[in-house]
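Respectively, the protein sequence lines represent chains A and B. Mapping of the first sequence onto my numbering: position 190 corresponds to residue 190, and the numbering continues sequentially without gaps. Mapping of the second sequence onto my numbering: position 83 corresponds to residue 83, and the numbering continues sequentially without gaps. Note that the Cβ used here is the ideal one computed from N, Cα and C, for glycine as well.
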Amino acid sequence: MSTSKRRKMVEATEIVKIYGSFRALDRVSLDIFDGEKVVIIGPSGSGKSTLLRSINRLEEIDRGKMIVDGMDIMDPKTDITKVREEVGMVFQSFNLFPHKTVLENLTLAQTVVRKRSKFESEEKAMMLLEKVGLVAKAKAYPGNLSGGQQQRVAIARSLAMDPKMLLFDEPTSALDPEMIGEVLDVMKDLAKDGMTMAVVTHEMGFAREVADRVIFMDAGRIVEEGTPEHFFTAPSHERAKLFLSQIL
Amino acid sequence: MLARPGRYEKLMSIDAKKQIIDVGDGAAIPRKSDRGLFTAWRIAFFGAIGTLIYLVQTKPDPYLNILKFVPDGILVTFQVTLGAILLAIVFGLFTGLGRISKNRFFNGAASLYVEIIRGIPLLVQIFYIYYALGRFVQVPPILSAIIAMAVCYGAYMGEVVRAGIESIHKGQREAALSLGMNGRQTMIHVILPQAVKVILPPVGNEFIALLKDSSLVSIIAVADLLRRGREFASESFTYFETYTVIALIYLIITLFLSKIIGVMEERVSVNK
Ligand SMILES: Nc1ncnc2c1ncn2[C@@H]1O[C@H](COP(=O)(O)OP(=O)(O)OP(=O)(O)O)[C@@H](O)[C@H]1O
Ligand SMILES: [Mg+2]
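See below:
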């Protein structure tokens, strides 16, 4: 549960993002506290990805203020790589580096960004592969892995940086149904370990089980926000009701 | 023969029937799947070698004499080609990176370079760089030839590099950035290693095109294959015979190289 005493990991105020003349985000404000798990849902095109991607500045916002881990990410003096070191991202399409082995995928940023030794980063990588159940695939190339395995490697790759927070953009949407569970299990473990998470997903079971707070977006705005109980049993907003009736 | 503007548009064009058509300057690269071309390659390659052997055996004078006279030139041709392609790759890398750079200065400089080079015939460029360099420093003709060829091909190589980089899915860049890598680290560790596989076949084509175009440097006192031929011909007045041999040697070399590149290309696509 979020209390105002806890430190804010993300502090987004009145965020506006405009593509051409289209407002993908329309004065969105959102705070995410340390250790909190926020699940973002909403219809296609409502701005979920845009919001998530503006947290690590993969999208540059046009107006508003975005403070992440105490750093104002739109301040020209802020080194954005410092923010990204602390905020990992998991993509719908995995985006593993195909020219590198699974192990190398996990060690690359550790050595290049965190300046860890080869030994130290490999040790860390193997520990994380064990955690996601893929030690046997350390020497394999991503192309030889199933979708579920690739996504678990991608999560491990993010974790290798010891991030304070992880962003997930529909991590299971590209997976065959039988592989969704294995990825969600890894994410649930992470949640138990206390990771701060912002998750865009259509997996309502996951939202119910893991989320501290559910955020419903529509047309670039946050239209409803609350605990999973509140949200799934008594949504107040018409759009949210409609969306839930379609998806559940 | 001379570098033509618009070559790359053609080189990279894809036919409606989903077959890639190479309209490069290089000899067509045979692939196993392409039976017709494969046999055409065989006929041309072994035909050229057979003809050369036949000519030398039946008429050693002048053919054997020509063949003994030109190997120095083949070596020089290879030196110029190899030197120029390596330098052109370096130029091309910077040009390609400049062309996709958000930095206005680098972007502008790279684009200007490409525009200017594309608009001037290679032969003119070779003359120009040779004499322009000569005003300031005394460089051996072969070095000035290498620089001239590299300056020209660097511009085309830049487009190849750019296309290669742009062919890498944007998710790769985003994944690297989201791990905290900066732009340079992302380019070096993630984008370029993948782009190399895309770039390799067109660079192979460039190499062959460059080897043929390198015959132009014979006009600035570089003793390449063509110039050695001219020297022999003008002393012995066997123009027809000499140029027959020269043409056959160029043909054998380019066909041989295109074969090697074809094999390399297949290897690369298998390793994907
Ligand atoms: N680069 C872009 N250029 C123009 N419009 C864009 C761009 N990226 C996103 N949009 C538009 O912004 C809106 C919000 O997009 P966003 O990807 O954030 O939606 P989403 O909620 O994640 O949807 P989905 O569930 O389909 O992933 C959409 O209407 C989309 O068309
Ligand atoms: Mg999305």
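Could you compute how far the alpha carbon of residue i sits from the alpha carbon of residue j?
i, j, result
"B:Leu152", "B:Gly98", "According to the sequence shown, residue 152 of chain B is Cys rather than Leu. B:Cys152 and B:Gly98: Cα-Cα distance of roughly 16 Å."
"B:Ala221", "B:Phe127", "11 Å"
"B:Phe78", "B:Met264", "20 Å"
"B:Ile43", "A:Gly20", "58 Å"
"B:Ile74", "A:Lys118", "47 Å"
"A:Ile247", "A:Asp72", "36 Å"
"B:Gly96", "B:Leu192", "11 Å"
"A:Lys65", "B:Thr81", "56 Å"
"A:Glu178", "A:Glu60", "36 Å"
"B:Leu87", "B:Arg267", "25 Å"
"B:Ile199", "B:Lys212", "20 Å"
"B:Ala195", "B:Gly164", "5 Å"
"B:Thr244", "B:Ala145", "25 Å"
"A:Phe97", "A:Glu14", "35 Å"
"B:Ala110", "A:Arg208", "54 Å"
"B:Tyr54", "B:Val70", "18 Å"
"B:Ile85", "A:Val39", "54 Å"
"B:Phe45", "B:Val217", "25 Å"
"B:Pro60", "B:Thr242", "12 Å"
"A:Glu122", "A:Thr107", "6 Å"
"A:Met9", "A:Tyr141", "34 Å"
"A:Gly181", "A:Ala191", "15 Å"
"A:Val102", "A:Gly35", "28 Å"
"B:Leu210", "B:Val161", "17 Å"
"A:Arg6", "A:Asp69", "13 Å"
"B:Gly119", "B:Ser101", "23 Å"
"A:Ala234", "A:Val214", "13 Å"
"A:Ala125", "A:Arg157", "8 Å"
"B:Leu83", "B:Phe94", "Reading the sequence as shown, one finds Gly at residue 83 of chain B and not Leu. Taking the straight line from one Cα to the other gives about 17 Å."
"B:Ile116", "A:Asp185", "58 Å"
"A:Leu16", "A:Ser46", "It is worth fixing the name first, because residue 16 of chain A is Val in this sequence and not Leu. The straight-line gap from Cα to Cα measures roughly 13 Å."
"A:Arg116", "B:Glu206", "40 Å"
"B:Leu64", "B:Val76", "20 Å"
"B:Ser236", "B:Gly204", "37 Å"
"A:Arg255", "B:Tyr156", "Nothing about residue 255 of chain A can be read from this structure; chain A reaches only from 1 to 248."
"B:Gln57", "B:Pro202", "38 Å"
Kindly say whether residue i, judged by its beta-carbon, lies nearer than 7 Å to any beta-carbon of chain A.
i, result
"B:Gly171", "yes"
"B:Ser281", "Nothing can be reported for residue 281 of chain B, as the shown portion of chain B is limited to 1 through 272."
"B:Val268", "no"
"B:Val139", "no"
"B:Glu241", "no"
"B:Glu265", "no"
"B:Pro175", "The sequence given here places Ala at residue 175 of chain B; Pro does not occur at that position. Interface residue, yes."
"B:Met187", "no"
"B:Val190", "yes"
"B:Asn182", "yes"
"B:Ile21", "With a pLDDT of 42 at B:Ile21, under the threshold of 50, the modelled position of that residue is not reliable, and no figure is offered here."
"B:Pro193", "yes"
If you measure from the beta carbon of residue i to each beta carbon in chain B, is any gap under 7 Å?
i, result
"A:Asn93", "Reading off the sequence shown, one finds Ser at residue 93 of chain A, where the question assumed Asn. Closer than 7 Å: yes."
"A:Phe168", "no"
"A:Ala109", "yes"
"A:Glu85", "yes"
"A:Thr81", "yes"
"A:Asn144", "no"
"A:Leu58", "yes"
"A:Met161", "yes"
"A:Met89", "yes"
"A:Phe97", "yes"
"A:Val112", "yes"
Classify residue i as buried or exposed, calling it buried when 16 or more other Cβ atoms lie within 10 Å of its own Cβ.
i, result
"B:Ala40", "exposed"
"B:Val23", "Note that B:Val23 has pLDDT 45, beneath the 50 cutoff, so the model's placement of it is unreliable and the number below is only indicative. Answer is exposed; the Cβ neighbour count stays below 16."
"B:Pro62", "buried"
"A:Val183", "buried"
"B:Val137", "exposed"
"B:Ile246", "buried"
"A:Gln110", "buried"
"B:Gly50", "exposed"
"B:Val90", "exposed"
"B:Tyr239", "exposed"
Under the criterion of a Cβ to heavy atom distance below 6 Å, does residue i qualify as lining ligand 3?
i, result
"A:Val10", "As far as ligands go, the structure on display features ligand 1 and ligand 2 and does not contain ligand 3."
#### Entry: Those residues, in chain order, that have a beta-carbon closer than 5 Å to some heavy atom of ligand 1
Qualifying residues, in the order they occur: A:Tyr19, A:Ala24, A:Ser44, A:Gly45, A:Ser46, A:Gly47, A:Lys48, A:Ser49, A:Thr50.
**OP:** Give a yes or no on contact between the region 135-147 of chain A and the region 66-85 of chain A, applying the rule of three or more CB pairs nearer than 8 Å.
**Re:** These segments do not touch.
* Asked: When the Cβ atoms of the region 226-246 of chain A are set against those of the region 48-57 of chain A, are three or more pairs found closer than 8 Å?
  -> Not touching, per the Cβ criterion.
*Give a yes or no on contact between the region 88-97 of chain A and the region 168-177 of chain B, applying the rule of three or more CB pairs nearer than 8 Å.*
Using a Cβ-Cβ distance cut-off of 8 Å, the region 88-97 of chain A and the region 168-177 of chain B are in contact, since at least three pairs of beta carbons, one from each stretch, lie closer than that value.
Note to self: Any contact between the region 195-206 of chain A and the region 165-174 of chain A? By contact I mean 3 or more CB pairs, one from each, below 8 Å.
What the structure shows: The way I'd put it, the region 195-206 of chain A does touch the region 165-174 of chain A; three or more beta-carbon pairs between them come closer than 8 Å.
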